[in-house]
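Undergrad:
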Amino acid sequence: AQSVTQLGSHVSVSEGALVLLRCNYSSSVPPYLFWYVQYPNQGLQLLLKYTSAATLVKGINGFEAEFKKSETSFHLTKPSAHMSDAAEYFCAVSVFNGNKLVFGAGTILRVKS
Amino acid sequence: GAGVSQSPSNKVTEKGKDVELRCDPISGHTALYWYRQSLGQGLEFLIYFQGNSAPDKSGLPSDRFSAERTGGSVSTLTIQRTQQEDSAVYLCASSVRDRGPYEQYFGPGTRLTVT
Numbered sequence: 162a163q164s165v166t167q168l169g170s171h172v173s174v175s176e177g178a179l180v181l182l183r184c185n186y187s188s189s190v191p192p193y194l195f196w197y198v199q200y201p202n203q204g205l206q207l208l209l210k211y212t213s214a215a216t217l218v219k220g221i222n223g224f225e226a227e228f229k230k231s232e233t234s235f236h237l238t239k240p241s242a243h244m245s246d247a248a249e250y251f252c253a254v255s256v257f258n259g260n261k262l263v264f265g266a267g268t269i270l271r272v273k274s
Numbered sequence: 068g069a070g071v072s073q074s075p076s077n078k079v080t081e082k083g084k085d086v087e088l089r090c091d092p093i094s095g096h097t098a099l100y101w102y103r104q105s106l107g108q109g110l111e112f113l114i115y116f117q118g119n120s121a122p123d124k125s126g127l128p129s130d131r132f133s134a135e136r137t138g139g140s141v142s143t144l145t146i147q148r149t150q151q152e153d154s155a156v157y158l159c160a161s162s163v164r165d166r167g168p169y170e171q172y173f174g175p176g177t178r179l180t181v182t
């Protein structure tokens, strides 16, 4: 069965610093992988997705993620954090049959000025 | 275009009462999903519909939970005899279909509080 592990329930960075949010997945078949962001009291917004077309995926708001099969990882990065990036981030894997999403526990990103 | 909408945005109910939560998916999306987000359990899948096929109910936590989708569009999630552990944010999402690399678009959620 598919599963997702996000290392670090809370990450704190300074404004302008590199953002790195870690995600490792478990899947018996090539997965579809997603990163979603959730701002307070809002629904989930897609940041980016991996669908096997390219291992380096660029998303919205300057975020990108690299699919590494050998490491079963799909870490999310942004070169320079902005205050508006403060939110909760979820990594998810899509179950092959039906595309149900299995989510990681989430990582709350705090950006310090 | 219009996104996924959910109503009500907030619902407070007494323990033992029934509640209905509504989801309007994006027009033309054939797949519709319900998830629950709670402090203890994180984000978890509940049920999904694809076209006219039988729904996948494998995530429903108990037989007090049910859902239907009328006319391939609007969906209603019903919780009977609510319990305090049902308190959570219920999220609805829709997708072009349930196969292939199609992302799910989420609604703003319904926050359910059972007192």
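Here the protein sequences come in this chain order: B and A. Per this note's numbering, the first sequence starts with residue 162, numbered consecutively. Per this note's numbering, the second sequence starts with residue 68, numbered consecutively. Note that the Cβ used here is the ideal one computed from N, Cα and C, for glycine as well.
Relative to the alpha-carbon of Y172 of chain A, which residue among B:L205, B:Y193, B:A226 has its alpha-carbon at the smallest distance?
TA: That would be B:L205, whose Cα lies nearest to the Cα of Y172 of chain A.
Undergrad: Can you check which of these residues, B:V254, B:N258, B:E225, B:A247, is closest to H171 of chain B by C-alpha distance?
TA: For the residues B:V254, B:N258, B:E225, B:A247, the minimum Cα distance to H171 of chain B belongs to B:A247.
Undergrad: Tell me which residues share the same chain as V56 of chain A and place their Cβ nearer than 8 Å to its Cβ, disregarding the 5 neighbours each side in the sequence.
TA: Outside the displayed span of chain A (68 to 182) sits residue 56 of chain A, for which this structure offers no information.
Undergrad: With a threshold of 16 other CB atoms inside 10 Å of the CB of R136 of chain A, please say whether the residue is buried or exposed.
TA: When all chains shown are included, R136 of chain A counts as buried.
Undergrad: Is G176 of chain A close to chain B? Criterion is C-beta to C-beta, closer than 7 Å.
TA: Yes, contact with chain B.
Undergrad: Could you run through the stretch 187-201 of chain B and flag, in chain order, every residue whose CB is less than 9 Å away from some CB of chain A?
TA: Under the 9 Å Cβ criterion, the stretch 187-201 of chain B contributes Y193, F195, Y197, Q199.
Undergrad: Please report whether the beta-carbon of A215 of chain B lies at a distance below 7 Å from any beta-carbon of chain A.
TA: No - not a single Cβ of chain A is within 7 Å of the one on A215 of chain B.
Undergrad: To which residues does DSSP link T268 of chain B through a beta bridge?
TA: B:Y250, per the DSSP bridge assignment.
Undergrad: Three-state secondary structure (DSSP) at I221 of chain B?
TA: Of the three classes helix, strand and coil, the one that applies to I221 of chain B here is helix, per DSSP.
Undergrad: Would you verify that the beta carbon of E170 of chain A is, or is not, closer than 7 Å to some beta carbon of chain B?
TA: Yes - at least one Cβ of chain B is within 7 Å of the one on E170 of chain A.
Undergrad: Under 7 Å between C-beta atoms, does A266 of chain B make it to chain A?
TA: For A266 of chain B, the answer is yes, since a Cβ of chain A falls inside 7 Å of its Cβ.
Undergrad: Quick one: which chain A residues come within Cβ less than 7 Å of Q163 of chain B?
TA: By Cβ distance, chain A contributes nothing, its closest Cβ being about 11 Å from Q163 of chain B, past 7 Å.
Undergrad: Excluding the 5 residues flanking F150 of chain B on each side, which residues of the same chain have their C-beta closer than 7 Å to its C-beta?
TA: It is not possible to answer for residue 150 of chain B, since the shown part of chain B is limited to 162 through 274.
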